[in-house]
Amino acid sequence: MDRALPRHLDADDFARLSRRVVLKFDLLLLPFLCLLFLLNSLDKSNVGNAESGHFTEDLGLPKAALNVSVAWFFAVFVSCQPVGAFFGRKYGMARWVPATMGLWGVCTALHVAVQSQAQLVTLRVLIAALESGFYPTVVSYLSLWYTRYEFGKRLAFFYGQAALAGCFGGILSWAVFSYFPQDDPNPHIAATKWRSWEVLFLIEGSLTVLVAFIGFFWLPHSANTAWFLTADERLVAEERIRKDQIAAASAWTNPKHQSTFNVQESTSSTVSEPRSSLTLEDEEADFLLSRAEATQPSTRRPSHASVVSITADSGVSREDIFSAVADWKVWYLLFCNILSAIPATAFAVFLPLVIKGIAGRDDLGPAAINLLVVPPFLAGAIILWIFTWWSDKNRTRLIPILYGLAILLAGLAATVALPTRAYKLRYLALTVLLSGSFVASPLTVTWLSNNIPQPGKRAIVLGINGWGNFAGVISSMLFAPRFAEDGYIIPFYVTLVCVLAAFVGYLAFRALVVSENHRRERIVADWDDEEVRREAVFGDGAVVEQKNFWTLVTRVCRLNKLRDWAEIDRVRRGDEKLTFVYSL
Numbered sequence: 087m088d089r090a091l092p093r094h095l096d097a098d099d100f101a102r103l104s105r106r107v108v109l110k111f112d113l114l115l116l117p118f119l120c121l122l123f124l125l126n127s128l129d130k131s132n133v134g135n136a137e138s139g140h141f142t143e144d145l146g147l148p149k150a151a152l153n154v155s156v157a158w159f160f161a162v163f164v165s166c167q168p169v170g171a172f173f174g175r176k177y178g179m180a181r182w183v184p185a186t187m188g189l190w191g192v193c194t195a196l197h198v199a200v201q202s203q204a205q206l207v208t209l210r211v212l213i214a215a216l217e218s219g220f221y222p223t224v225v226s227y228l229s230l231w232y233t234r235y236e237f238g239k240r241l242a243f244f245y246g247q248a249a250l251a252g253c254f255g256g257i258l259s260w261a262v263f264s265y266f267p268q269d270d271p272n273p274h275i276a277a278t279k280w281r282s283w284e285v286l287f288l289i290e291g292s293l294t295v296l297v298a299f300i301g302f303f304w305l306p307h308s309a310n311t312a313w314f315l316t317a318d319e320r321l322v323a324e325e326r327i328r329k330d331q332i333a334a335a336s337a338w339t340n341p342k343h344q345s346t347f348n349v350q351e352s353t354s355s356t357v358s359e360p361r362s363s364l365t366l367e368d369e370e371a372d373f374l375l376s377r378a379e380a381t382q383p384s385t386r387r388p389s390h391a392s393v394v395s396i397t398a399d400s401g402v403s404r405e406d407i408f409s410a411v412a413d414w415k416v417w418y419l420l421f422c423n424i425l426s427a428i429p430a431t432a433f434a435v436f437l438p439l440v441i442k443g444i445a446g447r448d449d450l451g452p453a454a455i456n457l458l459v460v461p462p463f464l465a466g467a468i469i470l471w472i473f474t475w476w477s478d479k480n481r482t483r484l485i486p487i488l489y490g491l492a493i494l495l496a497g498l499a500a501t502v503a504l505p506t507r508a509y510k511l512r513y514l515a516l517t518v519l520l521s522g523s524f525v526a527s528p529l530t531v532t533w534l535s536n537n538i539p540q541p542g543k544r545a546i547v548l549g550i551n552g553w554g555n556f557a558g559v560i561s562s563m564l565f566a567p568r569f570a571e572d573g574y575i576i577p578f579y580v581t582l583v584c585v586l587a588a589f590v591g592y593l594a595f596r597a598l599v600v601s602e603n604h605r606r607e608r609i610v611a612d613w614d615d616e617e618v619r620r621e622a623v624f625g626d627g628a629v630v631e632q633k634n635f636w637t638l639v640t641r642v643c644r645l646n647k648l649r650d651w652a653e654i655d656r657v658r659r660g661d662e663k664l665t666f667v668y669s670l
């Protein structure tokens, strides 16, 4: 692919077109992806709203049936995350997600036909399998359109839909339960023979199917096929991401090697004149594009552009899979993510029931309970957007995560410390708790996306990180009906311990990343310019033996033997390169 921009574009034109491209992404692509995630979160959590409208009671099911179905949902959802992410990357988000979304929308509507616990569990398992690859696939897709430090606030806006889904679900449930109240004496309402929760499932399922259908025509496969970009804008969109990837792969700034790295991170630079010789930027770009080309399907929808696109939504290699599985940081952050995500996954489903449990009133109807759900979720969305704006502004991820967990811990501590009869204060503490619940997960994903340049590996890593939804299995067991009488005090204590462990884990992770950056700095400081150049471009600098716990694990598990068996070469790629400096 000829990567040079048209000669009529100077630096000012490039900057102007870059702003226009980002604006189009922000107005036409990001809001639609947010709508998809809003419906995804809604269909995941709507059983909690339905239960506040006597869902299991009307069906003659035990109260524990809801917890059992939620546990099964998250068990399957977690298990299928990497598989869903793989297929999403293999077949392309622009087709895979709308197809699976339409199917889970149908399953949501089919809740009106449930007659037994087995049928309920079956539907939840089907929805879990279909939804499993959604989040990592869409986040990986979103990261293809924005540079590293544009991405954080956009991901926050996207992830904030999980909190807004709680608000929207609460308002929608309030409206439905107000119009279709239980045992309504109005003969017009009674004549419909529709229960309130049946109407809720039908509305949400139908809306999901409709939006999924639109998605087939709305979502582009890459910048080269984006219907809303002009020809020049498509080239600029590709060039922005290419330069950002090169800057990430060539982050070494030691003055000794400064001349070796002539890479401008600014997206306002342009390629307006032919180069007289091959620079590091050219070599790196050739290498990036060769890697992208190697992972593209050989037959790819002939109606689309034939050139290889660095923003393509499909393509994954064996190297990507092995590198993702063998990366210790992925598994470390997964453990922290599980512990920190327990409150968010718990209250996404059970908040209406928890509010009912701590309200201390038996006269609160389903409509009122679902209306009380709105303020805590709204607070969570607002705090998330503030923290991610701060994160992008200061180009840091781990410190905002720690502050978010601190707010969460404060809310949890207040919830367990306050008397069980202090209903209003406990509700306020619950709002503080929810305020900090949504910060850690999206910023963890942002950190991973920022520090994994290879799109294929990034998709697999985000799929593995999706196992953080195992927190949903834990929360479904914690917030069981038997704890409702004492205001769920024991589940709150357990959650407090888990979040405290997550706080310590993230704090230690930051120290480990700083240590790794210093280790690389010491190694590369002893290399000559040619060794540094080759490491930055091809990842084949001097072999460096590491002596740490992960090296021991690699040897015990014989991961290197597996690498040889799979015929994966030993060059370092992306963040594995010793010239790559991890952001904090």
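Here the sequence shown is numbered in this note's numbering, starting from 87 and rising by one per residue. All C-beta atoms, glycine included, are put in the ideal place defined by N, C-alpha and C. In this text the structure is predicted, and so the values were computed from the model without any measurement.
Between the alpha carbons of residue i and residue j, how many angstroms are there, rounded?
i, j, result
"P148", "Q203", "9 Å"
"K663", "R619", "11 Å"
"N456", "R605", "52 Å"
"A214", "L145", "22 Å"
"P429", "D612", "47 Å"
"G175", "T223", "Looking at the sequence provided, one finds Arg at residue 175 rather than Gly. Cα to Cα, the separation comes out at about 7 Å."
"L216", "T208", "12 Å"
"E607", "Y177", "39 Å"
"D626", "E617", "8 Å"
"A298", "D572", "42 Å"
"Q201", "V518", "38 Å"
"F524", "D99", "39 Å"
"Y418", "V164", "17 Å"
"A261", "G451", "12 Å"
"V133", "G522", "24 Å"
"F542", "A412", "A quick correction: the sequence has Gly, not Phe, at residue 542. Distance between the alpha carbons of G542 and A412: 14 Å."
"A312", "D330", "20 Å"
"F266", "A465", "28 Å"
"A570", "L196", "29 Å"
"G660", "W533", "14 Å"
"G170", "I332", "29 Å"
"Y579", "R568", "15 Å"
"L488", "F589", "6 Å"
Identify, in the order they occur along the chain, each residue of the same chain with its Cβ nearer than 8 Å to the Cβ of residue i, setting aside the five sequence neighbours on each side.
i, result
"L670", "T482, R483, L484, I485, R596, V599, V600"
"L582", "L495, L498, A499, V502"
"L103", "L95, D318, E319, V322"
"I444", "T506, Y509, R512, Y513, L516, G573, Y574"
Are residue i and residue j touching if we call contact CB-CB under 8 Å?
i, j, result
"F565", "V460", "no"
"S426", "L491", "yes"
"F243", "C166", "no"
"G301", "L593", "no"
"V225", "A410", "no"
"G291", "T186", "no"
"L114", "F314", "yes"
"G139", "F287", "no"
"A249", "L124", "no"
"R210", "S259", "no"
"G246", "A467", "yes"
"I424", "G554", "yes"
"P577", "L520", "no"
Closer than 7 Å by C-beta to residue i: which residues in its own chain qualify, once you throw out the five before and the five after it? Chain order, please.
i, result
"R240", "L116, L228, Y232"
"F173", "W182, G219"
"A180", "L305, P306, H307, D399"
"L458", "I441"
"V657", "F624, G625, D626"
"L152", "V133, E137, T142"
"G188", "V295, A298, F299"
"N537", "D661, Y668, S669"
Within the same chain, show all residues whose beta-carbon is closer than 6 Å to that of residue i, passing over the 5 residues directly before and after it, in chain order.
i, result
"P168", "G549, I550"
"R621", "Reading off the sequence, residue 621 comes out as Glu, not Arg. Closer than 6 Å at Cβ, skipping near neighbours: G627, K663, L664, T665."
"W283", "A136, G139, F141"
"V107", "E319, V322, A323"
"L437", "V459"
"S562", "N153, V156, A157"
Spell out whether any CB of chain B is found under 8 Å from the CB atom of residue i.
i, result
"S259", "Annotation note: the requested chain B is absent from the structure, which comprises a single protein chain."
- [ ] Starting from the N-terminal side, write out each stretch of the alpha helix (DSSP H) that is 4 residues or longer and does not extend beyond the segment 157-239.
- [x] 167-177, 179-195, 203-217, 220-229
Open item on the list: For the pair the segment 474-483 and the segment 526-537, tell me if three or more CB-CB distances fall below 8 Å.
Closed with: yes
Open item on the list: With a threshold of 8 Å, are at least 3 pairs of Cβ atoms found where one atom belongs to the segment 504-520 and the other to the segment 557-567?
Closed with: no
TODO: Please confirm if the segment 221-239 is in contact with the segment 316-332, defined as three or more CB-CB distances below 8 Å between the two stretches.
DONE: yes
Task: Cβ pair count under 8 Å reaching 3, the segment 119-128 against the segment 251-258 - done: yes
TODO: Taking only runs that begin and end inside the segment 508-572, name each unbroken alpha helix (DSSP H) of 4 or more residues, in chain order.
DONE: 509-523, 526-536, 541-551, 556-564
Open item on the list: I'd like the ranges of any alpha helix (DSSP H) spanning at least 4 consecutive residues and lying wholly in the segment 427-499.
Closed with: 452-458, 460-480
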